[in-house]
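Numbering of the sequence shown is given in this note's numbering, commencing with residue 256 and proceeding in unit increments. Cβ coordinates follow ideal geometry from the N, Cα and C atoms, glycine included. Accompanying notes for the structure given below.
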Amino acid sequence: MEKGNKIYEGKAKILYDTDNADLIIQEFKDDATAFDATKKGTIKGKGVINNEISCAIFQLLESKGIPTHFVKKLSNRDMLVKRLKIVMVEVTIRNIAAGGLSKLLGIEEGIILKTPVLEYHYKDDLLHDPLINDYHIEILKLATPQEMKKIKDYSFSVNQIMKDFFDKANLKLVDFKLEFGTHKGKMLLGDEISPDTCRLWDKITNEKLDKDRFRRDLGRIEEAYQEVLKRIKT
Ligand SMILES: Nc1ncnc2c1ncn2[C@@H]1O[C@H](COP(=O)(O)OP(=O)(O)OP(=O)(O)O)[C@@H](O)[C@H]1O
Ligand SMILES: [Mg+2]
């Protein structure tokens, strides 16, 4: 499958057309951004690692009955996916307090949440991806209530599957972000699942092995991404 025209260049990936109108290629870059893209940098080798981790997780989720956009891994940095009409809502699921939740509600980082917490953020850079709820989604016509029900159910299932998966790799799944979209009328999980979009802590030491190392200048960033890949492969 050959790359056609560039469709979109985002902060972490580039999307390309292919000769099949239903399929596109996601190319994973080493570029990293944080805090609304006010902090920019590169994490050497990140694109290759995130592509590999994302491919592995999408395959796992598919095997457990979650429909995703994943078709196949084309090369080190390239993933072939079904073209989605993206729902402009980011879904976050949190198992342990960190990041935005700690800031919003003053819950100390590391507190285990009694029940997983689901959040929606409106994908709108100019508005800085604000926190929204089902009512906002309805008035903005971002998705129908039926579509949101499906998205919510899939997201909690993904949480259970990924928690078990990372647990076997001696990692705690603190929180993660998902994006969904429709393809031929069907709701599919899209985008990527990687240390850019998940918080992952060592099960014993709570060492951060995700993009927080970049956000907070904790050093050994490349090593952390490599470590996650190594652990899920063994
Ligand atoms: N299968 C798909 N079909 C179409 N678009 C997709 C698909 N999967 C992911 N996307 C979109 O492609 C882009 C991926 O690029 P990247 O993650 O670099 O974007 P970003 O900088 O985070 O920007 P954005 O704010 O648009 O998400 C995102 O906008 C995402 O919503
Ligand atoms: Mg993105």
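Distance between residue j and residue i (C-alpha atoms, nearest Å)
i, j, result
"I240", "Y409", "The chain is shown only over 256 to 489; residue 240 falls outside these bounds and no answer can be derived."
"T437", "I341", "7 Å"
"N331", "I321", "24 Å"
"R454", "K327", "25 Å"
"P450", "Y480", "7 Å"
"T460", "L426", "10 Å"
"L316", "N305", "16 Å"
"M334", "P400", "31 Å"
"I308", "T452", "11 Å"
"K432", "K378", "12 Å"
"L356", "I362", "7 Å"
"L381", "F420", "35 Å"
"N260", "I366", "46 Å"
Contact under 8 Å by Cβ, residue i with residue j
i, j, result
"V483", "L444", "no"
"L329", "I262", "no"
"I394", "V346", "no"
"E257", "I269", "no"
"Y375", "V344", "yes"
Where the beta strand (DSSP E) containing residue i begins and where it ends
i, result
"D430", "426 to 438"
"R454", "453 to 457"
"E264", "261 to 264"
Expected contact under 8 Å - CB spacing of residue i and residue j to nearest Å
i, j, result
"N350", "P371", "5 Å"
"D430", "A353", "6 Å"
"K337", "D277", "6 Å"
"I476", "A311", "About 20 Å separates the two Cβ atoms, so there is no contact after all."
Segment limits, alpha helix (DSSP H) that includes residue i
i, result
"A311", "301 to 318"
"P400", "400 to 423"
"I392", "389 to 394"
"D286", "Element bounds for D286: not the alpha helix (DSSP H) but the beta strand (DSSP E), 286 to 289."
"R470", "467 to 470"
Do the region 287 to 304 and the region 464 to 471 meet, that is, are 3 or more Cβ pairs less than 8 Å apart? The region 287 to 304 makes contact with the region 464 to 471: 3 or more CB pairs, one atom from each, lie closer than 8 Å.
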